[in-house]
Amino acid sequence: MTMTSKPTAPPSTLHAFVLGLVVLTACAGDTSSPCPPDETYFRERVWAPVFENRCNICHNPGGVAQRSDFVLTAPGEDAADDMGQNLERARRMAMVTEDGEPVLLRRPTGTNHPGGMVIAPGSAEYRALAEFVGRVRGDEGACDGGELACQAGDPGPRLLRRLSRTEYDNTLSALFGIDARYAPALVADVVVKGFDNNAHALEVSPLLADQLRQAAEEVGAAVAARPAMACSGDGATCARAWLESTGARVFRRPLAATEVERWLGVYQVGRDNPDEGVLPHTSGMAVVIAGVLQSPSFLYRSELGELGADGRYALTSYEIASELSYFLWAAPPDDELWAAAGRDELRDPAAIEAHARRLLASPRARASIDRFTAQWLGVGILDTVARDPMLYAAFTPAVRAAMGEEVARQLASAVQRGATLGDVLDAPTTWVNAELARFYGIEAPAAVDAAGFGEVAAGARPGILASGAVLTTHARSNSSSPIHRGKLVRERLLCQELPPPPPGVNAQPPPLDPTLTTRERYAQHAADPACSGCHQLMDPIGFAFEHFDGIGRHRADEGGLPIDAAGEILASDGSDGAFVGVGELGAHLATSAEVHACFSVQWVRWAYGVEEDAQLGCLVEEIEDAFEAKAYVIEDLIVALTQTSHFRFRRGAAPPSDPGTDPDPDPDPDPDPDPDPAPDPGNTPGVTAAVTKTDQWATGYCAKLVVTNTSAAPVTWRVTVTIDGTMSSHWNGQLTQSGNRVTATGAPYNATLAPGTAAEAGFCANL
Amino acid sequence: MTSRRAFTAGMGAALLAAPFLGLLTRPRRARAATGVRAKRLVVFFTPNGTVPARWRPSGSETSFSFPAGSILEPLAAHRQRLVVVDGLQFVGASNHEGGMAAMLTGSGSAGDESRGMSVDQFVAAAIGGTTRLRSLELGVQTSAWGGSVQTRMSYRAAGQFAPPDDSPRGVYTRLYGDAMPGGADRVLARRQSVLDAVKGDLGQLRGRLGNEEQHKLDQHLTSLRELERALGGGSCSGGTPVADLPIHANDNFPAIGKTQMDLLVASLACGATNVASIQWAHTVAPTVFTWIGQSEGHHALSHMDDGNAAGVAAFVAAERWFASQFGYLLDKLAAAPDPEGGGTLLDTTLVVWAKEMGDARAHVCTEVPFVLAGGGAFTPGRYLRVNGAAHARLLVSICHAMGLSNTTFGNPAAGAGPLAGL
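If you're matching them up, the sequences are chains P and S in order.
The numbering used here applies: residue -3 is where the first sequence begins, and numbers increase by one.
The numbering used here applies: residue 237 is where the second sequence begins, and numbers increase by one.
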């Protein structure tokens, strides 16, 4: 029996109503579950893997969450009794629901939880809690352990992945041989867990649509004006040839015949409407180019596949080519990949691996690896992060730039040398130019490459965590910051998300005090129980960095005061330990299985553009295992990502729904429960007309009139519809109103419709 | 970007059908306090909460003043135009991210009356159909950290941002267009043919999809429809070209903000839109106010506790600077004539200064400061102490001031109806 309680709205009285106030109505022992969890199950499958390290930190009698409904007791003298009580508390939280969801799953994933999201949906911890909840409630299948377990072989969902800003620039540059730099002017990409290429987060807002239009028109005009684009024969023939060749590279697959016709129609309009001084053919090509660059076939990377007999969707060779090239070069397929796709060779894992290694070996791989590094370690803001100019006058733009290159090379060179993650965390060398060497106070490199960089002994700064870029971006404007550096390690190397400081806690950073070291200034974090629960996860790690100031310079002491760089990792999943200084921290992390697993997760996010959900979580385990099997060589990890079932297949989704059953309300839902204005039978034969309201307000509305040619011959159309109110404006057609009827014909460019095509006019009306 | 709440039916399920029926069959208008309806809405956001004791005015509701050195003192000349609302709280939200997300949405989800939209977008959906641009979102260095709950305040739908344009040049181009006077109809013809073809591609692609990705293309289609309308409606004229400032440089913050405010006023004056917003940075912004001699970031200053007098004074100085920017905006609106005649833009524009937290040092969303001006819907020159009222009620009042008639905004658990006393 399930007890649910929904928060009820107080009857229009004004009092502070705390959302998430849940009445605990579950009764102890009142369950009909065939497999209720006992203490052994609870201790092994819930307490140890989840509660102990994630929840107990705050949810204990003296901790930040001591006044919540969920207080756990770490097993003490009477361990069995303590654990029994913890089980009981967890059972209650599993039984009580809020908005239909068990509170035990809802809170740690961030709903009405001051601690924020401490467990990611679909993660192993989430699955453990979900299985516990299922067993408490007696949900069907929970006792098998099967329903919620990882479904091996599930390749993940079909996706459309919008090009990120960087990928957009790289793609334009590759397609047209230009140096495209539209990215800074485009709407910033939504960032998820640090990465800007998340498939679900990237969408096309109205602002972005307009910005993409401007960029596309600019590129179209410039490219169409090139001498090589002139046409010696029939313009439409040249346009067709362009669509079938370059157009295919734009769409990253050959165009279907109907698509070619559609875009030839656009060419005609462009040719018939040139600007003053522009040749008709040039105008036509400019519009076609601008147009295809706004098409979803260009803007989204298709990972949809074709339905196979086994019920899975098999990605086409063209889709796999794009997967490879965008993953490894952040750019469209090169000629060699394109040719392989044309021969349909890329469905074979061996072929995929061969191309993957080829792409990784190229200098072009830096375009992707460098972005991974910048986003994984959070050093992308290095260019703009503000530093106190008086305190840190030595931190010049040249130094910033050099630091950015150094940290990028630390990972990129490791990939290309076949090095391991341990080699990166505990590296004996680093990369500097003369400027950066001077800044660090070390000898300039003996030999440098064309970019002025050379490899030198790491010396006092071994490993990527000791690079200037990391130390600077994780510091304050006027001092180092053990908290930021500790948080970086916790979140990006141990993959443990930390909650923000809870409300009500004074979060003032301790003022600069020349009589105290940074470590001493932050002493309160350890002393005060309201702080220590969370800060013990960060500060002890960050103290190991204290020999580096806020711009990454090494310091033997802090203004004459001795530095204690002893650090510690607590409450991790196998990475606990003590160390002194960043070098020992790096060496320690290099030995941790947890760190390697986390690194795999970061690469899965970057490669697949998804967060781990319940199914993709299995693929993550597959990758983690592959990484281990290959002795943690990073190049092999990257190649392993191209060898999963996800890379070649996707799971079949529900069949396309019609708009009436779309569970997600359209952001601009048709707000018209009344029937749409009925089309009048006075239409040209062979066409249908439909009016749909698109915007609605108290005194009026706007609507679109879609006219479709359903016959087998071209039709110059005329339709009549009945509407509410009086038209105030119209576009894309000639609309005249008489009484409540509107007669419409097309604009010059859409007056005649080819078979199967449609025209869309629009109008607004006042009620 | 999806949120769990976006897919759970809110408690106001019964209200889902109501607002649309109300708009269609009974287009009654809610009565604003003065009976006057504002024609335009502007939201002005500055980050990182406040120090309530240094913000609040002194005095009574109709006889109040801004104490010397307080945050609102730079607005002394505007005092009789303002409604200062003291004591609002965000029900069920706290901290930087929570506050930023709840500030304009009232923590609504798709099943609520406001459909998870922010108040500016909700109003724009209702009244934006008569203008070329449904709404205009302007930003000042909002996106160095990318798009996220921390850096976005406007929502077109539950979990779907309405991102601001951080580039004055970009805004200028959208307002004043680039079509040559003689060939405007040819440009339009070309653009429309492209839009039709792109929509054709979208429809074709959509037909191959399952549920999840259809949603993505539907959003894209909606964006194209708005673009279509914006392109078809002509453009404003007579704008002063804007300088090509590097828009990410910290020290250009004031110049960019001023230009964006000028463009915002211009967009209202030429009738391009009736709903606009300006977002200064974002919550947790590390902006260093070098132009008033500061060297610590704004977020760091927002955490100076009362024992650190110099630190608090620096934060107050930064907030006073923001207040003077708000004053600049009000001055510009008051100097521009209403395009429909009779009075100034400020007379017909409701301007709302919103922040995402109350006392920044405690990360709480109680005593969250709001300042209103203009529009004619609320009796001006008042200082309201609302003692913990839900800010969602203010959001309802704002909607009513704009002529809408919804009874809740955001999560209905926060209560229904407009803010008493406003």
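Every residue gets a Cβ at the ideal spot worked out from N, C-alpha and C, and that includes glycine.
Note that the coordinates shown come from a computational prediction; the quantities given were computed from them, not determined experimentally.
Checklist entry - What do you get for residue 36 of chain P, buried or exposed, if any count of 16 or more other CB atoms within 10 angstroms of its CB means buried? => result Mapped onto the first sequence, residue 36 of chain P falls at position 40. By the 16-neighbour rule on beta-carbons within 10 angstroms, residue 36 of chain P is exposed.
Checklist entry - Looking only at its own chain, which residues have a Cβ that is under 6 Å from the Cβ of residue 39 of chain P, when we skip the five neighbours before and after it? => result Walking along the first sequence from the start, residue 39 of chain P turns up at place 43. Taken in chain order, the residues that qualify are 79.
Checklist entry - Interface residues of chain S around residue 465 of chain P at Cβ under 7 Å? => result As a working note, residue 465 of chain P is residue 469 in the first sequence. Under the 7 Å cutoff, chain S gives no residues; its nearest Cβ is about 16 Å from residue 465 of chain P.
Item to check | With 16 other Cβ atoms within 10 Å as the buried cut-off, status of residue 316 of chain S | outcome: Locating residue 316 of chain S in the second sequence gives position 80, counting from the first residue. Around the beta carbon of residue 316 of chain S, fewer than 16 other beta carbons sit within 10 angstroms, so the residue counts as exposed.
Item to check | Same chain, Cβ closer than 6 Å to residue 122 of chain P, neighbours up to 5 away in sequence not counted | outcome: As a working note, residue 122 of chain P is residue 126 in the first sequence. So the qualifying residues of the chain are 115.
Checklist entry - Do you know whose CA, among P:34, P:432, P:225, lies nearest residue 238 of chain P's CA? => result Numbered from 1 along the first sequence, position 242 holds the residue referred to as residue 238 of chain P. Looking at the Cα atoms, P:225 is the closest of the given residues.
Item to check | DSSP-derived helix/strand/coil call for residue 409 of chain P | outcome: Locating residue 409 of chain P in the first sequence gives position 413, counting from the first residue. It is helical.
Checklist entry - Going along chain P, which residues have a C-beta under 8 Å from residue 409 of chain S? => result On the second sequence, position 173 is the one that residue 409 of chain S refers to. Residues of chain P passing the Cβ test: 210.
Next on the checklist: Looking at residue 42 of chain P: is its Cβ nearer than 8 Å to the Cβ of residue 125 of chain P?
Outcome noted: Counting from one through the first sequence, the residue named residue 42 of chain P turns up at place 46. Counting from one through the first sequence, the residue named residue 125 of chain P turns up at place 129. One thing to note: residue 42 of chain P has its Cβ within 8 Å of the Cβ of residue 125 of chain P.
Item to check | Three-state class that DSSP yields for residue 764 of chain P in the structure shown | outcome: Beyond the ends of chain P as shown, which are -3 and 763, falls residue 764 of chain P; an answer cannot be given.
Next on the checklist: Against chain S, does residue 168 of chain P count as a neighbour if the rule is that its beta carbon must be under 8 Å from one of theirs?
Outcome noted: For the purposes of this step, residue 168 of chain P is taken as residue 172 along the first sequence, with counting starting at 1. Cβ-Cβ to chain S under 8 Å: no for residue 168 of chain P.
Next on the checklist: Would residue 531 of chain S pass as an interface residue toward chain P - the criterion being a Cβ-Cβ separation below 8 Å?
Outcome noted: Locating residue 531 of chain S in the second sequence gives position 295, where the first residue counts as 1. It does; some Cβ of chain P falls within 8 Å.
Checklist entry - Is the segment 577 to 586 of chain P touching the segment 412 to 424 of chain P in the sense that three or more CB pairs, one from each, lie closer than 8 Å? => result yes
Next on the checklist: Please list, in chain order, the chain P residues whose beta carbon lies closer than 9 Å to that of residue 576 of chain S.
Outcome noted: Here residue 576 of chain S refers to the residue found at position 340 of the second sequence. Under the 9 Å cutoff, chain P gives no residues; its nearest Cβ is about 15 Å from residue 576 of chain S.
Next on the checklist: Please list, in chain order, the residues of the segment 379 to 407 of chain S that have any C-beta partner in chain P closer than 9 Å.
Outcome noted: 379, 380, 381, 382, 383, 384, 387, 388, 392, 393, 394, 396, 397, 398, 399, 400, 401, 402, 403, 405, 406
Next on the checklist: Please report whether the beta-carbon of residue 272 of chain S lies at a distance below 8 Å from any beta-carbon of chain P.
Outcome noted: By 1-based counting over the second sequence, the position of residue 272 of chain S is 36. False, the Cβ-Cβ gap to chain P never drops below 8 Å.
Checklist entry - Any residues in the segment 219 to 250 of chain P with a beta carbon nearer than 8 Å to a beta carbon of chain S? Which ones, in chain order? => result none
Next on the checklist: Mapping the DSSP letters down to three states, classify residue 114 of chain P as helix, strand or coil.
Outcome noted: Translated into the one-based positions of the first sequence, residue 114 of chain P becomes position 118. Three-state result, residue 114 of chain P: coil.
Checklist entry - I think residue 375 of chain S touches residue 515 of chain S, with their Cβ atoms under 8 Å apart; what is that distance to the nearest whole Å? => result Working through the second sequence from its first residue, we reach residue 375 of chain S at position 139. Working through the second sequence from its first residue, we reach residue 515 of chain S at position 279. Right, the Cβ-Cβ distance comes to about 5 Å (below 8 Å), so this counts as a contact.
Item to check | Cα-Cα separation between residue 254 of chain S and residue 590 of chain S, rounded to whole angstroms | outcome: Here the question's residue 254 of chain S lines up with position 18 in the second sequence. Here the question's residue 590 of chain S lines up with position 354 in the second sequence. Per-residue confidence for residue 254 of chain S stands at a pLDDT of 37, beneath the threshold of 50, marking its modelled position as unreliable; the derived number appears in the next sentence. If you take the alpha carbons of residue 254 of chain S and residue 590 of chain S, they lie about 28 Å apart.
Checklist entry - CA-CA distance, residue 133 of chain P and residue 90 of chain P? => result For the purposes of this step, residue 133 of chain P is taken as the residue at position 137 of the first sequence. For the purposes of this step, residue 90 of chain P is taken as the residue at position 94 of the first sequence. Those two C-alpha atoms are separated by around 8 Å.
Checklist entry - Would DSSP call residue 620 of chain S helix, strand or coil? => result Indexing the second sequence from 1 puts residue 620 of chain S at position 384. Looking at residue 620 of chain S - three-state DSSP - the assignment turns out to be strand.
Checklist entry - Which word fits residue 757 of chain P, buried or exposed, when buried means at least 16 other C-beta atoms lie within 10 angstroms of its C-beta? => result Here residue 757 of chain P refers to the residue found at position 761 when the first sequence is read from its first residue. Looking at its Cβ environment, which holds 16 or more other Cβ atoms inside 10 Å, residue 757 of chain P is buried.
Checklist entry - Would you report the Cα separation of residue 410 of chain P and residue 573 of chain P, rounded to the nearest angstrom? => result For the purposes of this step, residue 410 of chain P is taken as the residue at position 414 of the first sequence. For the purposes of this step, residue 573 of chain P is taken as the residue at position 577 of the first sequence. Approximately 26 Å between the Cα atoms of the pair.
Item to check | CA-to-CA distance, residue 454 of chain P to residue 458 of chain S, given in whole angstroms | outcome: As a first step, residue 458 of chain S must be located in the second sequence, where it is residue number 222. As a first step, residue 454 of chain P must be located in the first sequence, where it is residue number 458. Distance between the alpha carbons of residue 458 of chain S and residue 454 of chain P: 54 Å.
Checklist entry - Just by C-beta distance, which residues in the segment 284 to 308 of chain S are closer than 9 Å to chain P? => result none
Item to check | Neighbourhood of residue 257 of chain P by C-beta distance below 8 Å, restricted to the same chain and skipping five residues each side | outcome: Counted from its first residue, the first sequence places residue 257 of chain P at position 261. Within the same chain, residue 257 of chain P has close Cβ partners 750.
Checklist entry - For residue 659 of chain S, which residues in chain P fall below 8 Å Cβ to Cβ? => result Since the first and last residues shown for chain S are 237 and 658, residue 659 of chain S lies out of range.
Item to check | For residue 6 of chain P, the three-state DSSP class (helix, strand or coil) | outcome: The sequence position of residue 6 of chain P within the first sequence is 10, counting from 1. With a pLDDT of only 36 at residue 6 of chain P, under 50, the local geometry of the prediction cannot be trusted, and the value read off the model is given with reservation. Correct three-state label for residue 6 of chain P: coil.
Checklist entry - What is the C-beta distance between residue 508 of chain S and residue 368 of chain S, in whole angstroms, given that I count them as a contact (C-beta under 8 Å)? => result Within the second sequence, numbered from 1, the residue matching residue 508 of chain S stands at position 272. Within the second sequence, numbered from 1, the residue matching residue 368 of chain S stands at position 132. Sure, about 5 Å apart at Cβ, within 8 Å.
Item to check | Supposed close pair residue 524 of chain S, residue 473 of chain P - CB separation, criterion 8 Å | outcome: For this step, residue 524 of chain S is matched to residue 288 along the second sequence. For this step, residue 473 of chain P is matched to residue 477 along the first sequence. Correct: roughly 7 Å between the Cβ atoms.
Item to check | Residues of the segment 436 to 449 of chain S whose Cβ lies closer than 7 Å to any Cβ of chain P, in chain order | outcome: Cβ proximity to chain P below 7 Å picks out 436, 437, 438, 441, 443, 444, 445, 446, 447, 448, 449 from the segment 436 to 449 of chain S.
Checklist entry - Taking the runs of the alpha helix (DSSP H) that are 4 residues or longer, which of them lie wholly in the segment 19 to 63 of chain P? => result 35 to 38
Checklist entry - Are the Cβ atoms of residue 251 of chain P and residue 261 of chain P separated by less than 8 Å? => result Translated into the one-based positions of the first sequence, residue 251 of chain P becomes position 255. Translated into the one-based positions of the first sequence, residue 261 of chain P becomes position 265. Their beta carbons are not under 8 Å apart, which means residue 251 of chain P does not touch residue 261 of chain P by this criterion.
Item to check | Nonlocal neighbours in the same chain, by C-beta distance under 6 Å from residue 593 of chain S, ignoring five residues either side | outcome: For the purposes of this step, residue 593 of chain S is taken as residue 357 along the second sequence, with counting starting at 1. If we look at residue 593 of chain S and ignore the five residues flanking it on each side, its Cβ neighbours are 285, 335, 601.
Checklist entry - What does residue 316 of chain S pair with, by DSSP beta-bridge criteria? => result Here the question's residue 316 of chain S lines up with position 80 in the second sequence. In the DSSP output, where bridge partners are listed per residue, residue 316 of chain S has none listed.
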